[in-house]
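S.K.: Okay, here's the structure, questions in a sec.
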Amino acid sequence: MRSTSSPTLPLAALGLALTLPWVPTPSSAQNVYYICPGNVFTNTLTAKEAESKGCKSREAATPATVPAPARARPSASSEPTRSPNTPDVRVQRAEQEARDTDARRILEAELRKEEAALEALRKEYNNGEPERRGDERNGQKYLERTESLKAALTRKEADVAAIRREIAKLGGT
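Numbering (mature numbering (1 follows the signal peptide of the UniProt record, and there is no 0)), first residue to last: -29 to -1, 1 to 144.
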């Protein structure tokens, strides 16, 4: 059977829909929030509740999204990029040995200095019984200085051990 409805009926319905006042749909109703007295923002009230409480309605703006810039992917055949300051040639063996010798010399000088400071701390600490000073008539001051000397001694021993490890990494030359 053939339909007898005229093709103009859907167009007429469309024209009628365009002339009706705007009615919020459930999806657009979710974009409304209310500003109530006391600077309270809420979207959980109905329109009647908001009006009775003296709240003003506002329409929430849809957040804008900005796509991230596309990353350029390096091709499989491209070489890794180098900074302008990176030399293209490797360091010559003699130059590297000179650098290692300089590093060893600097570390050994630092080790001698730290060992001397460690020895001075050990002497002052005197196995946990440093000499009392004139301002240490109070026993608490003496105990505090003894504890600080012990902590300094421990730190200095760790420093000396670290320098020795660095020298060991350089190997024997």
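Even glycine gets a Cβ: it sits at the ideal position worked out from N, Cα and C.
Quick caveat: nothing in here was measured; it's all calculated off a predicted structure.
Which same chain residues end up closer than 8 Å to D106 when comparing Cβ atoms and leaving out the 5 residues on each side of it in sequence?
M.R.: Reading the sequence shown from its first residue, position 135 is the one you call residue 106. Result list for D106: K112, in chain order.
S.K.: Going straight from the alpha carbon of A139 to that of D71, what length do you get?
M.R.: Counted from its first residue, the sequence shown places residue 139 at position 168. Counted from its first residue, the sequence shown places residue 71 at position 100. C-alpha separation (whole angstroms): 12 Å.
S.K.: Report the option in R83, S28, A41 whose CA atom is closest to the CA atom of L16.
M.R.: Here residue 16 is taken as the residue at index 45 of the sequence shown, counted from 1. When each option's Cα is compared against that of L16, the closest is S28.
S.K.: Which of the three DSSP states is assigned to E100 in this structure?
M.R.: Indexing the sequence shown from 1 puts residue 100 at position 129. E100: coil per DSSP, three-state reduction.
S.K.: Taking DSSP as the reference, what is the three-state secondary structure of E95?
M.R.: Mapped onto the sequence shown, residue 95 falls at position 124. Here E95 sits in helix by DSSP.
S.K.: Which residues share a DSSP beta bridge with I134?
M.R.: Position 163 of the sequence shown holds residue 134. For I134, which the question treats as bridged, DSSP gives no partner whatsoever.
S.K.: Using 8 Å as the threshold, is the region 129 to 136 in touch with the region 74 to 84, meaning 3 or more CB pairs across them?
M.R.: yes
S.K.: Let me check understanding here. Comparing Cα to Cα, which of Q67, N2, R103 lies closest to P34?
M.R.: Here residue 34 is taken as the residue at index 63 of the sequence shown, counted from 1. Minimum Cα distance to P34 is reached at N2.
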